[in-house]
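Residues 10 to 218 in my numbering are what the sequence shown spells out, letter by letter.
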Amino acid sequence: MLNIALPKGRLGDKVYNLLANIGYDCSEIYDDNRKLIFTNEKSGVCYLLVKPSDVAIYIAHGAADIGIVGKDILEEDKLDLYELLDLKLGKCNMCVAAPENYIEDLDRPLRVATKFTNIAKNYYLSLNREIEIIKLNGSIEIAPLLGLSDVIVDIVETGTTLKENHLKVFETIMPISARLIANKSSYKFKNSEILDLVTKLKKELTEND
Ligand code: PRP
């Protein structure tokens, strides 16, 4: 039995459909309920529905064998696990954004609001730019509008949130997409099941490319 941590929400739905297409289905998952664990003995899988930002934690601790997580979370948390495959789903960019008319004052530290404090710190360290981090947990776009920060470091998918709040992208830090990850000892002890799934996924992704 493979324990698979799926991120709850839009990305999780897409990933579940992909896995169901290659034989790892668990139809009960579509039922209207509040269950978080779904098992299908026949297809040999047990799905755990967890918060997207927690998937990698379950994997690193061995509470699940494999999982699907955004590259943003992997870069931010840098946990001890294997990244096996780019699923090319949930594509977006990690960006620096600011009000449309923003002009940087290079004589003082840049105030950066973000959920992704490590990504932001590493990015500005690479530019040798002194910053002050303001850690927020959501609705980051509001920060520069209220003068809480100069810029934000956040995910941009369609660009709608930025546009509707009169912000624009100033720099792109990195492209993001969903990744298949594995616990290190599961990869060793459940190697054939995991590789079997990876092979099927690769085939499915190539066929739909
Ligand atoms: C994410 C991100 C942006 C938005 C970008 O927020 O933080 O706010 O999506 O998407 P867009 O470019 O398609 O508009 P999320 O919906 O995860 O909520 P959050 O504000 O709680 O981070």
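Positions of the beta carbon are idealized from the N, C-alpha and C atoms, including for glycine.
It should be emphasised that the depicted structure is a prediction, and the values quoted were computed from it without experimental measurement.
Residues 85 of the same chain have their beta carbon placed closer than 6 angstroms to that of residue 127, with the five preceding and five following residues left out of the count. The segment 176 to 183 and the segment 103 to 115 touch, with three or more beta-carbon pairs separated by less than 8 angstroms. When secondary structure is reduced to three states using DSSP, residue 93 falls in the strand class. Taking the Cα of residue 193 as reference, the smallest distance to any Cα among 67, 61, 32, 49 is reached at 67. In the three-state scheme derived from DSSP, where H, G and I count as helix and E and B as strand, residue 170 is classed as helix. For residue 200, the enclosing alpha helix (DSSP H) begins and ends at 200 to 216. For residue 122, no alpha helix (DSSP H) encloses it; the enclosing beta strand (DSSP E) starts and ends at 119 to 123.
A straight line joining the alpha-carbon of residue 10 with that of residue 75 spans about 11 angstroms. Straight-line spacing of the CA atoms in residue 58 and residue 115 works out to 45 angstroms. Shortest gap from the CB of residue 154 to any heavy atom of ligand 1: 7 angstroms or more.
When DSSP states are grouped into helix, strand and coil, residue 131 belongs to the helix group. Here residue 61 is actually not in contact with residue 108; their C-beta atoms are around 28 angstroms apart, not less than 8 angstroms. Beyond the five residues adjoining it in sequence on each side, residue 207 comes within less than 8 angstroms, by CB distance, of 93, 94, 189 in the same chain, given in chain order.
Apart from sequence neighbours up to five positions away, the residues of its chain that approach residue 33 with a beta-carbon distance below 6 angstroms are 52, 54, ordered along the chain.
Within the model, the alpha-carbon separation for residue 218 versus residue 73 is close to 29 angstroms. A distance criterion of 7 angstroms places the beta-carbon of residue 165 in contact range of ligand 1, judged by its closest non-hydrogen atom.
In the pairwise beta carbon analysis, the segment 16 to 31 is classified as not touching the segment 153 to 162: fewer than three pairs are separated by under 8 angstroms.
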